[in-house]
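Q: Next up is a structure, given as structure tokens.
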């Protein structure tokens with residue numbers, strides 16, 4: 617399990633911002649926290665560490681998402697499968 | 005799932021939510037106050053937290069590293085760190101994984117009959133010492149801006165004080181040497197006068213060939229966050245290709261390679277033409293400089309004095325119309341830049357990194373950007389000034405401040421200035437004359453000499469690389485690295501954490517500890533010195549680079565090498581414990597037991613920094629802080645004050661009272677900065693009928709440097725798995741190439757096969773291609789030029805002539 621915390625900056629356009637919140641609430645790994653200004657706290661929990669990155673890219677592309685900052689990652693029981701890249 | 009596990013997950017989720025909420029609460033504040041009761045770290049069961057700077061770029065973000073059962077298991081942005089205020093980029097939040105690649109080097113390896121065989125540390129140290137004893141002047145060290153401050157200091161002292169040998173240079177020569185010569189020849193002393201606070205105060209951010217969004221993403225976010233909050237601020241992207249930075253820019257000005265010189269002169273021409281010179285500031289604090297006695301003579305680093313009238317005359321030809329022809333920018337865009345610098349009401353921050361530094365006229369363009377800020381008076385207010393950024397975590401701290409360059413000594417002193425060398429000998433307790441007054445080989449020359457047979461003048465026989473990967477990052481690799489393969493008498497020693505392109509040709513490989521497996525100190529781009537403690541054990545027999553240097557030094561001492569003694573006959577790295585007993589840190593078991601070696605070396609180094617007012621903070625102050633910006637000056641009440649802006653009386657204790665502004669290390673000893681004229685000079689290689697394209701190389705967000713670390717993090721590797729050649733759609737159509745097609749990219753120096761990328765995250769203009777250099781399976785530096793700036797000796801990775809053909813599958 618990998619747990620990430622994001623600060624998501626939403627558009628100032630409130631109907632679009634609300635649409636983003638609705639979309640995130642409806643998607644699997646997200647727990648939404650408080651808003652401060654245009655910033656929304658979000659926790660993302662995934663069993664596959666690769667999935668967190670994919671969700672990041674998905675969320676960043678949502679209309680109304682201006683920016684996503686990651687502030688915390690815990691992967692204690694999701695040790696990465698590190699590949700040998702040397703040729 | 006057990007109830008215990010459910011509760012534990014809920015705990016971690018709550019900790020994560022608290023981390024995000026706390027960052028939201030503090031972001032955007034220039035000063036980050038500690039709330040009553042402190043700013044607790046995420047509470048995760050069994051996890052102990054400690055601070056460290058991120059291992060990657062020169063921004064200097066602080067992370068909190070979570071350790072459980074001897075392993076790093078969590079990373080959190082450090083909310084007490086002014087630099088990043090709790091935020092991290094995609095590399096930063098994966099930084100903990102860099103320790104755990106399956107192919108970590110864990111034992112010393114010696115190449116015997118072509119095979120790498122494990123040997124003991126004693127054998128390895130002995131082999132190095134014997135090579136040095138046999139030919140101490142043919143030995144060289146090559147390090148980096150990833151050396152910690154004590155590691156670099158020990159290596160520098162070992163070479164210059166111990167071996168009387170100045171053949172030590174870092175890979176930072178390849179990334180920011182032009183900024184160094186730019187600062188020194190403008191202000192008389194290296195490193196920015198300003199700091200990241202400018203991002204919080206500027207009205208206009210002007211980026212000079214700098215893909216800020218991908219290279220320094222946390223700083224970019226700091227600026228963009230202001231925009232998102234409604235601040236009326238402008239981003240201008242002066243660039244040769246469209247990037248993620250361009251996507252957020254208000255103005256994207258796409259210029260032809262090398263023409264930044266003409267553009268800067270054009271801004272100066274317009275400031276002069278509009279009578280917008282900051283006359284009071286300039287007459288009081290600046291003088292003018294030209295690069296030669298007369299046009300046609302070779303340019304020199306410090307140039308010649310020049311009158312204002314002569315300066316005006318030299319700049320006069322760079323009208324917007326003339327410059328438009330050189331730069332490819334429309335006249336109106338050039339006029340927009342001119343109007344900007346004529347407007348005193350706006351605060352302009354100029355930033356740059358590799359685009360200006362990796363340039364055959366790197367010193368010149370650095371001089372010119374400082375010049376337009378000084379000339380127009382856009383200098384000296386928070387948010388109003390020029391600042392270079394660095395790409396490595398301690399390019400400033402270890403290379404520029406410790407002086408791990410072939411000509412330098414700690415504290416910005418030089419080996420070839422007798423009184424400065426004498427001062428270093430005094431501080432190092434050496435007999436007079438120990439320091440060799442002749443600068444050693446700079447990076448390009450060092451590798452050229454190593455890759456040249458001894459009988460043909462190749463005077464470097466043994467080369468020890470620490471903390472970097474020149475087999476991938478040097479330019480013109482066939483000439484400067486791969487030629488070694490045919491020279492059996494040359495001996496390459498590589499200290500590293502993973503197998504790399506460099507270890508492939510190594511004769512001796514030493515396994516190193518990395519990041520929080522050791523104590524460390526870094527110095528970031530804004531003069532901030534940052535400290536951390538060892539948190540986990542390195543794997544196998546991996547050991548600190550600094551220990552490796554000390555162990556070789558001690559072996560030489562034991563073998564009777566005279567340079568390893570100070571003038572009283574004591575070991576060069578003599579240190580004592582709290583009871584006054586001599587410590588033996590060269591014995592690994594003692595290294596972390598008897599003394600804090602980092603603290604001992606750093607406190608020995610600190611007096612050097614006082615000489616040119618670069619006073620780094622005492623070690624104990626660093627331990628308490630998230631880094632402090634030098635000069636850090638003791639106040640009457642006993643506290644230590646950092647300096648946000650140098651040379652300004654309001655901020656800098658070293659400015660004489662009543663002066664306002666004082667360039668107290670100026671070249672001419674008159675407290676004045678130079679406003680330079682440097683002419684536009686064409687690049688050394690330009691596209692022609694045979695090689696019709698410009699080739700530019702650089703980086704991507706997900707990978708750092710040669711990806712020896714980020715390439716082993718699956719999430720980052722998967723995001724950008726391999727290098728590609730970015731090609732303009734029109735060029736691709738003309739060549740019958742589609743995105744994903746394998747193409748062969750060629751220059752006069754080599755070729756590489758790559759997949760084509762059309763309309764990716766970066767977009768080249770017609771006639772240009774771009775290739776990132778992180779991929780060791782596609783060594784783009786086999787194609788690049790080793791032509792370099794005559795003063796900084798920094799090569800130009802950003803422009804050469806290339807051609808592209810569809811590869812045969």
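Residue numbers (our numbering), protein chains in the order written: chain A, 617 to 703; chain B, 5 to 813. Glycine residues also receive a C-beta, built at the ideal position from the N, C-alpha and C atoms.
Just to confirm before moving on: does the CB-CB distance between residue 672 of chain B and residue 666 of chain B stay below 7 Å?
A: Not closer than 7 Å, so no.
Q: Under 7 Å between C-beta atoms, does residue 657 of chain A make it to chain B?
A: By this cut-off, residue 657 of chain A is an interface position.
Q: Could you tell me which chain B residues have their CB closer than 7 Å to the CB of residue 685 of chain A, listed as they occur along the chain?
A: Ordered by position in chain B, the residues that pass the 7 Å Cβ test against residue 685 of chain A are 91 and 225.
Q: Considering only residues of the same chain and omitting the five flanking positions on each side of residue 695 of chain B, which have a CB-CB separation below 6 Å?
A: If we look at residue 695 of chain B and ignore the five residues flanking it on each side, its Cβ neighbours are 805, 806 and 807.
Q: Name, in chain order, the residues that DSSP records as bridge partners for residue 56 of chain B.
A: Beta-bridge pairing links residue 56 of chain B to B:67.
Q: Could you tell me the alpha carbon to alpha carbon distance between residue 513 of chain B and residue 438 of chain B, rounded to whole angstroms?
A: Approximately 30 Å between the Cα atoms of the pair.
Q: Contact between the stretch 66 to 81 of chain B and the stretch 100 to 108 of chain B is defined here as three or more beta-carbon pairs at a separation below 8 Å; is this criterion met?
A: Counting Cβ pairs under 8 Å, three or more are found: they touch.
Q: Taking the alpha carbon of residue 594 of chain B as the reference point, which residue from B:607, B:579, B:608 and B:606 has its own alpha carbon closest?
A: Checking every option, the nearest Cα to that of residue 594 of chain B belongs to B:579.
Q: Determine, for residue 79 of chain B, whether the minimum Cβ-Cβ distance to residues of chain A falls below 7 Å.
A: For residue 79 of chain B, the answer is yes, since a Cβ of chain A falls inside 7 Å of its Cβ.
Q: DSSP three-state label for residue 390 of chain B, please.
A: Of the three classes helix, strand and coil, the one that applies to residue 390 of chain B here is strand, per DSSP.
Q: Output the boundary residues of the alpha helix (DSSP H) element that contains residue 314 of chain B.
A: Looking at the DSSP string, the run of the alpha helix (DSSP H) that includes residue 314 of chain B is 312 to 319.
Q: Is there a C-beta anywhere in chain A that falls below 7 Å from the one on residue 16 of chain B?
A: Chain A, which has a Cβ nearer than 7 Å to the Cβ of residue 16 of chain B, makes this yes.
Q: To the nearest whole angstrom, what separates the beta carbons of residue 130 of chain B and residue 559 of chain B, a pair I think is in contact under 8 Å?
A: Their Cβ separation, rounded to whole angstroms, is 6 Å, which keeps residue 130 of chain B and residue 559 of chain B in contact under 8 Å.
Q: Helix, strand or coil: how does DSSP classify residue 768 of chain B here?
A: Of the three classes helix, strand and coil, the one that applies to residue 768 of chain B here is coil, per DSSP.
Q: Among B:117, B:202, B:115 and B:775, which residue has its Cα nearest to the Cα of residue 386 of chain B?
A: Among B:117, B:202, B:115 and B:775, the Cα nearest to that of residue 386 of chain B belongs to B:202.
Q: Would you mind giving the Cβ-Cβ distance between residue 690 of chain B and residue 109 of chain B, rounded to the nearest angstrom? I have them listed as a contact below 8 Å.
A: No, residue 690 of chain B and residue 109 of chain B are not in contact; Cβ-Cβ is about 42 Å, not under 8 Å.
Q: How do the stretch 232 to 240 of chain B and the stretch 297 to 304 of chain B stand: do at least 3 beta-carbon pairs fall below 8 Å, yes or no?
A: Contact between the stretch 232 to 240 of chain B and the stretch 297 to 304 of chain B is absent, because fewer than three Cβ pairs lie under 8 Å.
Q: Under 7 Å, do residue 727 of chain B and residue 776 of chain B count as touching if we go by C-beta distance?
A: Going by C-beta atoms, residue 727 of chain B is nearer than 7 Å to residue 776 of chain B.
Q: Measure the beta-carbon distance from residue 677 of chain B to residue 378 of chain B and round it to whole angstroms, keeping in mind my assumption that it falls under 8 Å.
A: Indeed they touch by this definition, with Cβ atoms about 6 Å apart.
Q: Report the CB separation of residue 701 of chain B from residue 784 of chain B in whole angstroms; it is logged as a contact under 8 Å.
A: That pair is a contact at about 5 Å.
Q: May I have a chain-ordered list of the alpha helix (DSSP H) segments no shorter than 4 residues that lie completely inside the stretch 449 to 496 of chain B?
A: Counting only runs of 4 or more, we get 474 to 477 and 481 to 484.
Q: Which one or two residues does DSSP pair with residue 652 of chain A in a beta bridge?
A: Paired residues: A:655.
Q: Let me confirm a value: residue 41 of chain B is counted as buried when at least 16 other C-beta atoms fall within 10 Å, else exposed. Which label applies?
A: With a pLDDT of 33 at residue 41 of chain B, under the threshold of 50, the modelled position of this residue cannot be trusted; read the value that follows with caution. Classification of residue 41 of chain B: exposed, given that the 10 Å Cβ count is below 16.
Q: Taking just the CA atoms, how far does residue 394 of chain B sit from residue 626 of chain B?
A: Rounded to the nearest angstrom, the two C-alpha atoms are 21 Å apart.
Q: Going by other Cβ atoms of all chains shown within 10 Å of its Cβ, with 16 needed for buried, is residue 548 of chain B buried or exposed?
A: Buried, because 16 or more other Cβ atoms sit within 10 Å of the Cβ of residue 548 of chain B.
Q: Apply the 10 Å Cβ neighbour rule to residue 472 of chain B and answer buried if 16 or more other Cβ atoms are within range, or exposed otherwise.
A: Classification of residue 472 of chain B: buried, given that the 10 Å Cβ count is 16 or more.
Q: Three-state secondary structure (DSSP) at residue 409 of chain B?
A: Residue 409 of chain B falls in the coil class under three-state DSSP.
Q: Report the rounded CA-to-CA distance for residue 209 of chain B versus residue 561 of chain B, giving the unit in angstroms.
A: Their backbone Cα atoms lie some 53 Å apart in a straight line.
Q: DSSP on residue 527 of chain B, reduced to helix/strand/coil?
A: It is a strand residue.
Q: Pull up the distance between the alpha-carbon of residue 604 of chain B and that of residue 22 of chain B, whole angstroms please.
A: About 38 Å.
Q: Where does residue 41 of chain B sit, in a helix, a strand or coil, going by DSSP?
A: With a pLDDT of 33 at residue 41 of chain B, under the threshold of 50, the modelled position of that residue is not reliable, and the figure given next carries that caveat. Coil.
Q: Buried or exposed: which applies to residue 26 of chain B, given that a residue is buried once 16 or more other Cβ atoms fall within 10 Å of its Cβ?
A: Its Cβ being crowded by 16 or more others within 10 Å, residue 26 of chain B is buried.
Q: Short of 7 Å in beta carbon distance, which residues of its chain neighbour residue 668 of chain A, apart from the five on each side in sequence? Order them along the chain.
A: The residues are 618, 620, 660 and 662.
Q: Between the C-alpha atoms of residue 693 of chain B and residue 206 of chain B, what's the straight-line distance to the nearest angstrom?
A: Using only the alpha carbons, I get a separation of about 44 Å.
Q: If you draw a straight line from the alpha carbon of residue 312 of chain B to that of residue 482 of chain B, how long is it in whole angstroms?
A: Roughly 47 Å between the two C-alpha positions.
Q: Whole angstroms are fine: how far does the CA of residue 375 of chain B sit from the CA of residue 390 of chain B?
A: One C-alpha to the other measures close to 9 Å.
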